[in-house]
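Protein chains: 2
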Amino acid sequence: MHGESLLYLSAELIIMLSVILVAAKVGGEIAERYLKIPALIGELCAGILIGPHALGGIRFFDLAGPMFHEVGKLATDASGHLPEVPEPAIPFALYFVGQLGAVLLLFEAGLETDRKRFLRFIRPATAVALGGIIFPFGLGALVTWWFGYANFNSIQEAIPALFVGAILTATSVGITARVLTDISRLDSIEGVIILAAAVVDDVLGIVLVAIVVGIEAEGSVSGGSVALLIVKAIGFWLGLTLIGSILANRISRMTMWFKSDGSTLVLAITLGFIAASVAEIYFGLAMIIGAFSMGLALSATLLKEYTIFAIRNGGSILVPVFFCVIGMQVDLTAIWESDNLGRLALFAFAVTVIAIVTKVAGAGLPVMAVGYGKQRSWRIGLGMLPRGEVALIVAEIGRASGIIGRDIFTVAIVMTVVTTIIAPIFLVKAFGPRQPRRQGHAPTNAH
Amino acid sequence: MHGESLLYLSAELIIMLSVILVAAKVGGEIAERYLKIPALIGELCAGILIGPHALGGIRFFDLAGPMFHEVGKLATDASGHLPEVPEPAIPFALYFVGQLGAVLLLFEAGLETDRKRFLRFIRPATAVALGGIIFPFGLGALVTWWFGYANFNSIQEAIPALFVGAILTATSVGITARVLTDISRLDSIEGVIILAAAVVDDVLGIVLVAIVVGIEAEGSVSGGSVALLIVKAIGFWLGLTLIGSILANRISRMTMWFKSDGSTLVLAITLGFIAASVAEIYFGLAMIIGAFSMGLALSATLLKEYTIFAIRNGGSILVPVFFCVIGMQVDLTAIWESDNLGRLALFAFAVTVIAIVTKVAGAGLPVMAVGYGKQRSWRIGLGMLPRGEVALIVAEIGRASGIIGRDIFTVAIVMTVVTTIIAPIFLVKAFGPRQPRRQGHAPTNAH
Chain A
1 MHGESLLYLS AELIIMLSVI LVAAKVGGEI AERYLKIPAL IGELCAGILI
51 GPHALGGIRF FDLAGPMFHE VGKLATDASG HLPEVPEPAI PFALYFVGQL
101 GAVLLLFEAG LETDRKRFLR FIRPATAVAL GGIIFPFGLG ALVTWWFGYA
151 NFNSIQEAIP ALFVGAILTA TSVGITARVL TDISRLDSIE GVIILAAAVV
201 DDVLGIVLVA IVVGIEAEGS VSGGSVALLI VKAIGFWLGL TLIGSILANR
251 ISRMTMWFKS DGSTLVLAIT LGFIAASVAE IYFGLAMIIG AFSMGLALSA
301 TLLKEYTIFA IRNGGSILVP VFFCVIGMQV DLTAIWESDN LGRLALFAFA
351 VTVIAIVTKV AGAGLPVMAV GYGKQRSWRI GLGMLPRGEV ALIVAEIGRA
401 SGIIGRDIFT VAIVMTVVTT IIAPIFLVKA FGPRQPRRQG HAPTNAH
Chain B
448 MHGESLLYLS AELIIMLSVI LVAAKVGGEI AERYLKIPAL IGELCAGILI
498 GPHALGGIRF FDLAGPMFHE VGKLATDASG HLPEVPEPAI PFALYFVGQL
548 GAVLLLFEAG LETDRKRFLR FIRPATAVAL GGIIFPFGLG ALVTWWFGYA
598 NFNSIQEAIP ALFVGAILTA TSVGITARVL TDISRLDSIE GVIILAAAVV
648 DDVLGIVLVA IVVGIEAEGS VSGGSVALLI VKAIGFWLGL TLIGSILANR
698 ISRMTMWFKS DGSTLVLAIT LGFIAASVAE IYFGLAMIIG AFSMGLALSA
748 TLLKEYTIFA IRNGGSILVP VFFCVIGMQV DLTAIWESDN LGRLALFAFA
798 VTVIAIVTKV AGAGLPVMAV GYGKQRSWRI GLGMLPRGEV ALIVAEIGRA
848 SGIIGRDIFT VAIVMTVVTT IIAPIFLVKA FGPRQPRRQG HAPTNAH
C-alpha cells in the first residue's frame, strides 16, 4: 500500500532532500572553516560525493534514501488530478528545488545590487561580455577541429566545433555572485561589472546556442529568425530592468495591500519567480536572468527592505541545494569509459586550458583597454571564469539533440568542474581578505 | 530546443507555483479581511478555483501556465543522471511543495506546543481519539451498507463499508492547527488536547486503513501482522517523543557546531524532515506525525529559539501552497457524472451528516464524561471535525487499490470538503474573538 502512495514518494524525496541539505552544509562548513575556500566548493564536492556516480550509487544509500528506487503507479488516474508518478519525478523534483535556489540566489543578488551603479557600468560590462564570448568561442571551435572532432568542409561537419565554442562562452553568474556575497564584494565596482557582464554574456551566449542548434536542425538558419531571437532576448532584460525600475515603487506599494503573515514576502518572491519563468518560457533566456533583472528593478524599494532578511534566510537553505545538485550531475568516471582515452584526456586538458585562458584574457583585456587597471582586469576576468550550471545545461542540450557525442559531453563536464572549482579560489585571493559587510566599496588589499 | 529542457520544465513549474502562491494569498486575504473566516478556507477555495477542474482546466490557463502541457523527453538518459521527465513530474513536484508545507506546519506546531501540557493531556486525548474513531467508523460502515454499496454477507463484500468507515475516522490536524494558530489558541488546553488527539487518531486511523487494505489484498488478515503494525505505529511516536525529549538539548547543542549562515535553520528543518519521512517510510505512519513529534521533542531547546522565526516565515510561504494544492484536487463536477445521481447525492448527504455528527459527538462526549464541561467538549469535538488531506489520501488509497469505486470516492471528497470548510468557521466561533498572541491560556468569550 505504502509503496504506491504519493505520500510515500514525498517521504522518499524529503529524505533525499535532507541528505542533500546536511551534506551541503557539512561540505560548506568544512570548506570554509578548515580548507579556507568558499562554502560553495564544499557544497559542490558534497554533491559529487553523495551523487549517483559515487556514494549515492551504492547499495548503502538505497537503504537510507533509495535514490533510484523503482516507483510503482499511484494516485488518481484522471488526467487532471495527480496521475502516475514514475521514477524520473523524483530526480526532477530535486532538480527543481535546486533551481528555486538558483532563482532565489540571483533575485537576491539583484535586490542587493546598487542599480545606478549597474546601469553606469553597463558599457564596460558589454565589452567584458563580448571579449569573454569571442575568444572562447573562436579558440574552442578551433581546438575541436584540431583534435579531429569536427572539420570545416561543410556547415554540418563544423557543428560540433561551433557547439564546443558555444559551451565555452558560458558564464555562471551564480557561482561568482555567491563568492562575492561570501566575501562581501557583490557591490564593489568589479562585482557590479561582473554581474552585468554575466547577464549580457548569458543573453548573447544563449542566442549563440540557439543559432547553432537551429543550424543543426534545419541545415541552415535564416537571418530573420536570428534577428528576432536577438531582439527578443535583449529587449526582454532591457525592458524588464527599465520598466521595472520605473514601476518598482508602485509594485512595492501594491504588495503592501496584503496584511496577512508573510504575504509581502510571498509576493516579492513571486515577482522574482514570474520574471524568471517568463524569461525562460517566452523569451528563450535563462531563468536566472529574469530573476536578477527583477531583483535589480526592486532593489531600491520598501519591498526589498521588508523582505531581504527572509529572502537571505530562504537562500541559505535553497542555494546549497542548487550547488549540491550540480555536483550530483558530475560523473568523473565517464572519462575512463572512452574508447580513445589518451586523445580524449588530451582534448579535455586542451579545452580546459583554453576555457581558462580565453575567458580570463577575453573578459579582462577590454577592462584594461578602457583604463581600469591590471588588478581590476584580473578580478573581472576571474569572475567570468566559472561555467557552472550554464555550461552543464548547454552541454546537455547538445548531447540530447545529438550535436555532440558522449566523449565531448564528458570533456565539457570536466572543463566545467575545473573552471567552477578553481575560479572561486583565485577570486577570493584576487579580492584579498574578507571585508565587513556594507563597509564602503573601495577595493583594498590591506590586511 | 526549449520545449525539451529541464530548465523549461522548471520554469513552467515556477509559473504554476507563482500562480498558486498569489491565488492562495489573495484567497486567504479576502477570507480573513472581508469574509471574516480563517485564511485557510480562502486558500482552499482559491485552489478549487484555479484547479484543473475549474479555471486551471480551460485554455486561458494553458497559456499563462500550461498545467497539462505535454512534456517531451529531455536531459540525460543515463540512469543516474536526470532521465526523461514525463508530464506527471510537474503535478508531483507541486504536490511535493505542498507536502513540505504540511510537514513544516506540523513541525512548527510541535515546536510551539508546551510539551509538559501535551503529555499531561495525553489521557483525555486518547479518549477523544477513540471516541472520534469508533462512532464515525461504525456509522460510516452502516450507512454504506444501508445505501447498498456493500453488504455483510462476506468479509469481501463488506470491505467498501469498512473502508468508508475508515475514511470517516480521519482527522486533519493540519487544518485545526492552522485555525488555532490564526486565533492564537494553539496552546490552550483545548488546542493541546486536539493536537494530541489528532496524533493518536492518525496513528489508530492509519492502522485501521492498513488492516482494511490488508483484508482486501489477502482475503483475510493475521492477528500477528495487525499486532506488529500497531506496535510499530504506537512505538514510533511514543519513542520519538520521549527519547527526543531526553536528547533534545544535546541535539540542539550539536547543531551549534555549524557557523555558516543558515546552518542552524537548515539542521532544525532537516530534523523535522527526517522524522517525517522515517515515520512514513519505515513505520507506516503519516509524515505529519513524525514532524509534529520531532517539533515537540525540540520545543524546549535553544535550537527552537534560534529558528522559530525563520520557520514561521517558511511556513507562511509553504503552508498556503499545501491548502491550495488540496483545493486543486477537488472535482465537484464529478458528482454529476454519476449514473445514479439521486441515490449518490443522498448518500453523499448522509455520509457528510454522519461524518459531522459522529466526530463532534464521538470526540466531544469523552471530554464531557471526564468533567471538562460543555464548552470544551464542543470545541474539542469541532477541532477533530475537519478531514482535510488525511481523508483525501485515505480515499485515494481506496480508489487506487480498487476497494472503492469512483462514486464512493466522490462522496468521500464531498464529505472532506464540507467538514474541512465548516469546521474552521464553527471553531473560530466556539473559541470566541481573537486573542493577542501568547497572552495567557484561559478561555474567554469576553470581547
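Each protein sequence line maps, in turn, to chains A and B.
Residue numbers for the first sequence follow the working numbering, so the first one is 1 and each next one is one higher.
Residue numbers for the second sequence follow the working numbering, so the first one is 448 and each next one is one higher.
Note that beta-carbon positions come from the ideal geometry of N, C-alpha and C, so glycine has one too.
Please read all numbers here as calculations on a predicted model, not as lab measurements.
Non-local C-beta neighbours of B:R564 in its own chain, meaning closer than 6 Å and more than five positions away in sequence, comprise V639, ordered along the chain. Scanning its chain for C-beta atoms nearer than 6 Å, with the 5 sequence neighbours on each side dropped, one finds around A:G205 the residues T169, A170, in chain order.
In the three-state DSSP reduction, B:R790 falls in the helix class (H, G or I). Within 9 Å of the CB of B:Y753, no CB atom of chain A is found; the nearest one sits about 12 Å away. Per DSSP, the continuous alpha helix (DSSP H) segment holding B:L627 begins and ends at 620-629. As the crow flies, the alpha-carbon of B:L456 is around 11 Å from that of B:A540. Counting C-beta pairs with one atom in each stretch, the region 721-730 of chain B and the region 318-327 of chain A have fewer than three that are closer than 8 Å, which means they do not touch. The beta carbon of B:I488 sits closer than 7 Å to those of A478, I868, P871, all from its chain and outside the five residues before and after it, given in chain order. Taking the beta carbon of A:V266 as reference, the chain B residues within 9 Å of it are L468, V469, A471, K472, S763, I764, P767, listed in sequence order.
Residues of chain A with a Cβ closer than 7 Å to the Cβ of B:M701 do not exist; the shortest Cβ-Cβ separation is about 12 Å. Leaving aside the five residues that flank A:I311 on each side, the residues in its chain whose CB is nearer than 8 Å to its CB run, in chain order, L104, F107, E108, L111, L265, A268, I269. Where A:Y34 is concerned, there is no enclosing alpha helix (DSSP H), because DSSP gives it neither an H nor an E. Per the coordinates, the alpha-carbon of B:Q603 lies some 13 Å from the alpha-carbon of B:W592. In this structure, A:T352 sits away from A:V428, with a CB-CB distance that is not shorter than 8 Å.
If you keep only unbroken alpha helix (DSSP H) runs of at least 4 residues inside the region 738-767 of chain B, you get nothing at all.
Going by C-alpha positions, A:L186 is about 5 Å away from A:L180.
In this model, A:W378 and A:V22 are separated by some 35 Å (Cα to Cα). At the C-beta level, B:P607 and B:T805 stay beyond 8 Å of one another. Secondary structure of B:G498 (DSSP, three-state): coil. B:I728 has a beta carbon lying within less than 8 Å of a beta carbon in chain A.
Under a criterion of Cβ atoms nearer than 9 Å, no residue of chain B is adjacent to A:S154; the nearest Cβ is some 22 Å distant.
Scanning its chain for C-beta atoms nearer than 8 Å, with the 5 sequence neighbours on each side dropped, one finds around B:G475 the residues A486, L487, G489, E490, A493, P767, in chain order. Counting of Cβ neighbours within 10 angstroms places A:G51 among the buried residues, the total reaching 16 or more.
If you compare the alpha carbons of B:L793, B:I681, B:T623 with that of B:V650, the shortest gap goes to B:I681. In this structure, DSSP gives B:L633 a state outside helix and strand, which the three-state scheme calls coil.
Check the Cα spacing between A:G132 and each of A:I215, A:N151, A:S172, A:I317: the tightest is with A:S172. Interface criterion not met: the Cβ of B:M831 is under 8 Å from no Cβ in chain A. Around the beta carbon of A:F236, 16 or more other beta carbons lie within 10 angstroms, which makes this residue buried. Put simply, of B:G809, B:I801, B:A792 the residue whose alpha carbon is nearest the alpha carbon of B:A644 is B:G809. Annotation for A:A129: A197, V200, D201, L204 place their beta carbon closer than 7 Å to its own, counting only its chain and skipping 5 residues before and after. Inclusion of A:R387 and A:T410 in the CB contact set at 8 Å is not warranted, their separation being larger than that value. For the pair A:G364 and A:F431, the Cα-to-Cα distance works out to about 15 Å.
Excluding residues up to 5 positions away in sequence, V768, F769, V772 lie with their Cβ nearer than 6 Å to the Cβ of B:G545 in the same chain.
Inclusion of A:A369 and A:A395 in the CB contact set at 8 Å is not warranted, their separation being larger than that value.
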